[in-house]
Amino acid sequence: MKDKVVLVTGGTGSFGKKFTKKALELGVKKLIIFSRDELKQYEMKQEFQDDRIRFFIGDVRDKERLYRAFDGVDIVIHAAAMKHVDACEYNPFEAIKTNIHGAQNIVEAAIDRGVEKVIALSTDKACSPVNLYGATKLASDKLFVAANAYVGEKKTQFSVVRYGNVVGSRGSVVPFFQKIKHTGRVPITDERMTRFWITLDQGVQFVLDNLERMKGGEIFVPKIPSMNIMDLAKAIAPECDIDFIGIRPGEKLHEAMIMEDDARHTVEYDTYYAILPELSWWEEENNGEGKSLPEGFAYTSDNNTEWLKVDELKELVGEM
Numbered sequence: 380m381k382d383k384v385v386l387v388t389g390g391t392g393s394f395g396k397k398f399t400k401k402a403l404e405l406g407v408k409k410l411i412i413f414s415r416d417e418l419k420q421y422e423m424k425q426e427f428q429d430d431r432i433r434f435f436i437g438d439v440r441d442k443e444r445l446y447r448a449f450d451g452v453d454i455v456i457h458a459a460a461m462k463h464v465d466a467c468e469y470n471p472f473e474a475i476k477t478n479i480h481g482a483q484n485i486v487e488a489a490i491d492r493g494v495e496k497v498i499a500l501s502t503d504k505a506c507s508p509v510n511l512y513g514a515t516k517l518a519s520d521k522l523f524v525a526a527n528a529y530v531g532e533k534k535t536q537f538s539v540v541r542y543g544n545v546v547g548s549r550g551s552v553v554p555f556f557q558k559i560k561h562t563g564r565v566p567i568t569d570e571r572m573t574r575f576w577i578t579l580d581q582g583v584q585f586v587l588d589n590l591e592r593m594k595g596g597e598i599f600v601p602k603i604p605s606m607n608i609m610d611l612a613k614a615i616a617p618e619c620d621i622d623f624i625g626i627r628p629g630e631k632l633h634e635a636m637i638m639e640d641d642a643r644h645t646v647e648y649d650t651y652y653a654i655l656p657e658l659s660w661w662e663e664e665n666n667g668e669g670k671s672l673p674e675g676f677a678y679t680s681d682n683n684t685e686w687l688k689v690d691e692l693k694e695l696v697g698e699m
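Going from the sequence shown to the working numbering is simple: count from 1 and add 379.
Written out as structure tokens, the structure is:
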């Protein structure tokens, strides 16, 4: 990162702000915040008064704007997306334009502008998707993996980072529970529901780590804890009564990050997994010292070996 020109799409979001703080500490030459909301950019400019930051109004749907923004850029972190399940279900064409067509625009602009490395942020919902958001992110993941075959003699590398729910990010269940707990009631879809959890700091650090280790084509998955939704309610709103409202359309009881079919070409390291491309251009020596996974392996939030306890989540929320 040091002395590099870095661009973050969707840079005014929760991830973008945390990444900005870390990137400035690491000594980037220039950091470009690419997003379409001028108010959020204005507010972020007041928060980060640093001459190395540039604010670029644009939309990932606009390929010409991306070509201009990527001029002279070394590293791209692609965080822009339509992320809310309900919004994507109700506005499917818009989700496809942003999450799929936007991903293709990122790929083409990065190759043609000579960007060195691109990491795209994904989601556990892209693994065996049951909703449109997950389906568009699965398509996006496939585009970024396959993009390594389109580079030719150019130098660009593309990889993907896939992780679960971010504790405290805007629109997540933690701030939602905090907002409504004064009513004395919180809604729960199903008492059996489990989810993967990661903090913003951990998510940003995982992206930075994979910028160093990526060869181009991997989908990196961190080893992170799961939590039962009832334990989450106990941690955030222990004084509240529970209203069971049932699973919403497009929602899973448990999330997955690696299913059995992907596990056959996944390698395991101490703190993460790497789903490797099943394509002819992938070189076996890129696997490093990763271990193959056992037959029938799947990494899901209900079969996880690591669980977040109520007190641990309380501590995380307190830190935020």
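Where a beta carbon is used, it is the ideal one built from N, C-alpha and C, also for glycine.
Note that this is a predicted model, so its numbers are computed, not measured.
First and last residue of the uninterrupted beta strand (DSSP E) at residue i
i: D620; result: 620-623
i: V539; result: 536-540
i: L410; result: 409-414
i: S366; result: Because the chain is modelled from 380 through 699, residue 366 falls outside the range shown and cannot be assessed.
i: V565; result: 564-567
i: F676; result: Run containing F676: none; DSSP gives neither H nor E here.
i: I598; result: 598-601
i: A653; result: 651-654
i: T388; result: 384-388
Residue i vs residue j beta-carbon contact at 8 angstroms
i: V539; j: A499; result: yes
i: R627; j: T568; result: yes
i: K424; j: K408; result: no
i: A466; j: N478; result: no
i: L695; j: V546; result: yes
i: V452; j: I412; result: no
i: I615; j: F556; result: yes
i: S605; j: L522; result: no
i: E417; j: K504; result: no
Alpha-carbon spacing of residue i relative to residue j, whole angstroms
i: I490; j: K533; result: 7 angstroms
i: V668; j: Y652; result: Note that residue 668 is Glu in the sequence shown, not Val. Cα to Cα, the separation comes out at about 12 angstroms.
i: I598; j: S680; result: 18 angstroms
i: H480; j: I621; result: 40 angstroms
i: T399; j: L386; result: 10 angstroms
i: G390; j: Y421; result: 12 angstroms
i: P508; j: A514; result: 5 angstroms
i: V494; j: Q483; result: 15 angstroms
i: K602; j: D588; result: 14 angstroms
i: K665; j: K594; result: Note on identity: in this sequence residue 665 is Asn, with Lys being the wrong assignment. So the alpha carbons of these two residues sit roughly 7 angstroms apart.
i: M380; j: K613; result: 40 angstroms
i: S700; j: T645; result: One cannot answer for residue 700 here, as it falls past the ends of the chain, which runs 380 to 699.
i: I559; j: S393; result: 21 angstroms
i: R415; j: E674; result: 45 angstroms
i: R564; j: D610; result: 15 angstroms
i: A518; j: V586; result: 20 angstroms
i: K476; j: I608; result: 32 angstroms
i: E657; j: Y446; result: 30 angstroms
i: E663; j: E404; result: 35 angstroms
i: Y469; j: G543; result: 23 angstroms
i: H561; j: C619; result: 8 angstroms
i: E473; j: V530; result: 28 angstroms
i: P471; j: I432; result: 34 angstroms
Supposed close pair residue i, residue j - CB separation, criterion 8 angstroms
i: V455; j: I485; result: 7 angstroms
i: F575; j: M636; result: 7 angstroms
i: V439; j: T502; result: So it is not a contact: roughly 16 angstroms between Cβ atoms.
i: V497; j: H463; result: Going by Cβ atoms, the distance from V497 to H463 rounds to 24 angstroms, so no, they are not a contact pair.
i: L672; j: K397; result: Rounded, the Cβ-Cβ distance is 31 angstroms, inconsistent with contact.
i: L632; j: M572; result: 6 angstroms
i: R492; j: D450; result: 6 angstroms
Span of the alpha helix (DSSP H), counted from its first residue to its last, around residue i
i: V583; result: 579-592
i: K496; result: Taken as a continuous stretch (DSSP letters only), K496 belongs to no alpha helix (DSSP H), being part of the beta strand (DSSP E) at 496-500.
i: V646; result: Per DSSP, V646 belongs to no alpha helix (DSSP H); it is in the beta strand (DSSP E), 645-647.
i: I615; result: 608-615
i: K554; result: Rather than Lys, the amino acid found at residue 554 in this sequence is Pro. That run of the alpha helix (DSSP H) goes 552-559.
i: A514; result: 511-525
i: A642; result: 639-642
Residue i beta carbon near the ligand MG (any heavy atom closer than 7 angstroms)
i: V387; result: Inclusion of the ligand MG in the displayed structure is not the case, the ligand content being empty and no account of it being possible.
3-residue-minimum beta strand (DSSP E) runs that sit fully inside the segment 427-485, ordered along the chain
432-436, 454-457
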